[in-house]
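Numbering (this note's numbering), first residue to last: -17 to 285. Positions of the beta carbon are idealized from the N, C-alpha and C atoms, including for glycine.
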Ligand code: ATP
Ligand code: ZN
């Protein structure tokens, strides 16, 4: 058993996580959620002065929105679609028969016009776009959503369904770049208040296929993505717990978002991987929050 499995098995043994029988799909107990809620509040406090518009979403989005977002071009391997039974009594009977015989019963399911959200900020852009041109200050959103990525793993930090919290900036190039530079600093200051070790590095998204390699290289060369990495899984490299992404005009072009001066809007986001942050806290401060440093407990509102 390697060290990584040890951290994972300790989490289960302590009752912090509940297994479901599927890699990367886990339940969490009250202690885990208490830390999660403390982190959510601390992130809210860290961004409150900028008066973001708050948006919270269910774990799925409209299929039409998903299609237009272009996600399938770059990350088809991660996407999860939602399907339902839409048949009559006869079809129902056949379905139960297939299930009982251990046959493939999914082939008769039909699309539900819903796709699981791959990233929280994908829900924001069409909503902002349909309001018309931005004001001179652009826009700032605080968004949270469950996200799905089909990347089953034994690493506790790599889940298939996890919660992503993001600050999303939409505006001119200058506004968006200033936002990202600012949140790269504030993100580090935030993790300092959690007393966690970290490094910040240029990164790339896991684009699909042969063309994906070129896209990843180009993303790195242009410094479009940075990650704040924290050692969490023993025996493995550090884990991306925050990411700072600059999309240039990708979403502005996709959704027709326009600045007050008529130029295509740019976007950037600062994303917090919520479960990863909780796991980092458990890894570095121990499994009982009562024993954590006073400053950390204060940040989380535990005292
Ligand atoms: P990684 O490089 O680890 O695959 P990513 O670069 O794909 O992550 P982003 O697309 O930037 O991640 O997602 C924003 C944040 O969501 C990440 O910084 C991370 O904290 C969190 N996250 C991403 N994938 C997962 C996952 N499978 N399980 C838990 N959290 C995740
Ligand atoms: Zn984002």
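Output the distance between the C-alpha atoms of residue i and residue j, rounded to the nearest integer angstrom.
{"i": "residue 68", "j": "residue 92", "result": "7 Å"}
{"i": "residue 88", "j": "residue 78", "result": "11 Å"}
{"i": "residue 100", "j": "residue 161", "result": "23 Å"}
{"i": "residue 152", "j": "residue 158", "result": "6 Å"}
{"i": "residue 284", "j": "residue 231", "result": "41 Å"}
{"i": "residue 253", "j": "residue 71", "result": "46 Å"}
{"i": "residue 265", "j": "residue 66", "result": "40 Å"}
{"i": "residue 225", "j": "residue 29", "result": "16 Å"}
{"i": "residue 129", "j": "residue 245", "result": "31 Å"}
{"i": "residue 190", "j": "residue 131", "result": "13 Å"}
{"i": "residue 267", "j": "residue 115", "result": "47 Å"}
{"i": "residue 194", "j": "residue 111", "result": "28 Å"}
{"i": "residue 163", "j": "residue 8", "result": "34 Å"}
{"i": "residue 74", "j": "residue 146", "result": "37 Å"}
{"i": "residue 137", "j": "residue 59", "result": "19 Å"}
Confirm, please, whether the CB-CB distance from residue j to residue i is below 8 Å.
{"i": "residue 43", "j": "residue 123", "result": "no"}
{"i": "residue 182", "j": "residue 208", "result": "yes"}
{"i": "residue 236", "j": "residue 117", "result": "no"}
{"i": "residue 176", "j": "residue 256", "result": "no"}
{"i": "residue 248", "j": "residue 234", "result": "yes"}
{"i": "residue 184", "j": "residue 168", "result": "no"}
{"i": "residue 150", "j": "residue 125", "result": "yes"}
{"i": "residue 135", "j": "residue 41", "result": "no"}
{"i": "residue 260", "j": "residue 14", "result": "yes"}
{"i": "residue 271", "j": "residue 17", "result": "yes"}
{"i": "residue 24", "j": "residue 269", "result": "no"}
{"i": "residue 154", "j": "residue 241", "result": "yes"}
{"i": "residue 133", "j": "residue 6", "result": "yes"}
I'd like to confirm something about residue i: is its beta-carbon nearer than 7 Å to some heavy atom of the ligand ATP, or not?
{"i": "residue 48", "result": "no"}
{"i": "residue 215", "result": "no"}
{"i": "residue 141", "result": "yes"}
{"i": "residue 144", "result": "yes"}
{"i": "residue 56", "result": "no"}
{"i": "residue 86", "result": "no"}
{"i": "residue 205", "result": "no"}
{"i": "residue -10", "result": "no"}
{"i": "residue 255", "result": "yes"}
Which same chain residues, not among the five before or five after residue i, have their C-beta less than 6 Å away from its C-beta?
{"i": "residue -15", "result": "In this prediction, residue -15 has a pLDDT of 45, which is less than 50 and means its spatial position is unreliable; what the coordinates show is noted afterwards. Contacts found: 216, 217."}
{"i": "residue 95", "result": "45"}
{"i": "residue 148", "result": "102, 103, 125, 251, 253"}
{"i": "residue 206", "result": "228"}
CB of residue i to nearest heavy atom of the ligand COA: below 7 Å?
{"i": "residue 209", "result": "Ligands in the displayed structure: the ligand ATP and the ligand ZN; the ligand COA is not one of them."}
In chain order, what residues of the same chain lie with their CB nearer than 7 Å to the CB of residue i, ignoring the 5 residues before and after it?
{"i": "residue -17", "result": "Residue confidence is low: residue -17 scores 46 on pLDDT, short of 50, so the model does not pin down where it sits. Its coordinate-derived value is still stated next. Nothing listed; no residue qualifies."}
{"i": "residue -12", "result": "216"}
{"i": "residue -6", "result": "1"}
{"i": "residue 20", "result": "282, 283, 284"}
{"i": "residue 106", "result": "37, 123, 125, 150"}
{"i": "residue 63", "result": "93, 97"}
If you drop the 5 nearest sequence neighbours on each side, which residues of the same chain put their C-beta closer than 8 Å to that of residue i?
{"i": "residue 180", "result": "170, 173, 210, 211, 212, 220, 223"}
{"i": "residue 50", "result": "108, 236, 237"}
For residue i, is the beta carbon positioned less than 7 Å from some heavy atom of the ligand ZN?
{"i": "residue 223", "result": "no"}
{"i": "residue 123", "result": "no"}
{"i": "residue 186", "result": "no"}
| said: Which complete beta strand (DSSP E) runs does the stretch 165 to 232 hold, if anything under 3 residues is left out? | reply: If we require 3 residues or more, the beta strand (DSSP E) runs fully inside the stretch 165 to 232 come out as 181 to 184, 207 to 212, 221 to 230.
| field | Secondary structure, alpha helix (DSSP H): runs of 4+ residues fully inside the stretch 44 to 100 | value | Here the runs fully enclosed are 45 to 51, 53 to 56, 71 to 82.
| field | Inside the stretch 96 to 137 only - beta strand (DSSP E) runs reaching at least 3 residues | value | List check, beta strand (DSSP E) in window: 121 to 130.
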